[in-house]
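Below is one structure, written out as structure tokens, with a few remarks after it.
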Amino acid sequence: MIAVQEQDFDVQSLYDSLCVANKTGAVAMFVGRVRDFSDDPAQSSFILEHYPGMTEHNLEKIVAEANQRWTLLDVKVVHRIGKLSVDDQIVFVGVSSAHRAEAFAACDFIMDYLKSRAAFWKKEVTPEGEQWVEAKASDEASLDRWRID
Amino acid sequence: MANIKIVFFASLREAMKCDELELLLETPLTILQIKQRLAEELGQSILLEEKVKAAIDFDFARDDDLVDPAKVRELAFFPPVTGG
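First to last, the sequence lines map onto chains A and B. Heads up, the first sequence is in our numbering, so the first residue is 508 and it goes up one at a time. Heads up, the second sequence is in our numbering, so the first residue is 433 and it goes up one at a time.
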């Protein structure tokens, strides 16, 4: 399941929905949150923009690639868009499998690819003004460890 | 010959003051050739900056990828992504 949405998500219900009766031995989950990025957290927010269609298409491709590489039972990705404030949840990636190694690796892989291949852009909004967040070279570099020559 | 929809996102959209436009393409051109044509026609040299990314029908594209007007519906140009 892939969802791009304005509304918040509930980690407990996503966890419950990842569990397949009698089969799930491991669930790995990652939640990304908005941390303080300014001198005035109460007055600061992010605007998250996406490219409708491309964002979902690329998330589907990333999840399909994870399913090719590891034996997984279920994968759920939720990414929020619109206005988000400090301490809000931004992104959820959850993976269930029979054993922990697959769940950990696939969750890590999906987050790494999401950071560099999913069409989202963050803009910081503070009392001083608005500023688009610059991409980090380290995000692109972190894909290297998943490449197969 | 066909009209191709071109969309812009995030800082690039704001810098260009344009969300989308239609481009009449008579023959296949590369992404780089389309960037050069748009940069000239719109007076937007920002499109030629190295960090500007492109997508053809939702898939990331490189500067030397060919855009065939008979097959492609939508092109996008945008800065590096910053989600997650």
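Cβ coordinates follow ideal geometry from the N, Cα and C atoms, glycine included. All values derive from a computational prediction rather than experimental measurement.
Check	Outcome
Chain-order list of residues whose beta-carbon lies under 7 Å from that of PHE544/A (same chain, five-residue window excluded)	SER551 and GLU631
Opening and closing residue of the beta strand (DSSP E) in which ARG445/B lies	Element bounds for ARG445/B: not the beta strand (DSSP E) but the alpha helix (DSSP H), 442-448.
SER623/A (DSSP reduced to helix, strand or coil)	helix
Test: LEU621/A CB closer than 9 Å to a CB of chain B	yes
Length of the line joining the Cα atoms of ALA471/B and SER645/A	30 Å
Touching by the beta-carbon criterion (3+ pairs, under 8 Å), the region 439-449 of chain B and the region 599-607 of chain A	no
Within chain B, the residues that GLY539/A reaches when beta carbons sit closer than 8 Å	GLY516
Contact between the region 573-582 of chain A and the region 601-618 of chain A (3+ Cβ pairs under 8 Å)	yes
Contact set between VAL504/B and chain A, taken where Cβ atoms lie within less than 8 Å	Here the premise fails: no neighbours, minimum Cβ distance about 14 Å.
Nearest residue (CA-CA) to LYS485/B, options GLN476/B, LYS437/B and PRO511/B	PRO511/B
Integer-rounded CB distance, given that VAL513/B should sit under 8 Å from ASP489/B	With 8 Å as the limit, ASP489/B and VAL513/B do not qualify as a contact, their Cβ atoms being about 17 Å apart.
Backbone CA spacing between LEU464/B and ASP495/B [nearest angstrom]	5 Å
SER604/A versus ASP491/B: straight-line alpha-carbon distance, rounded	29 Å
Chain-ordered neighbours of PHE440/B on chain A, where CB pairs are closer than 7 Å	Chain A residues near PHE440/B: none, gap ~10 Å exceeds 7 Å.
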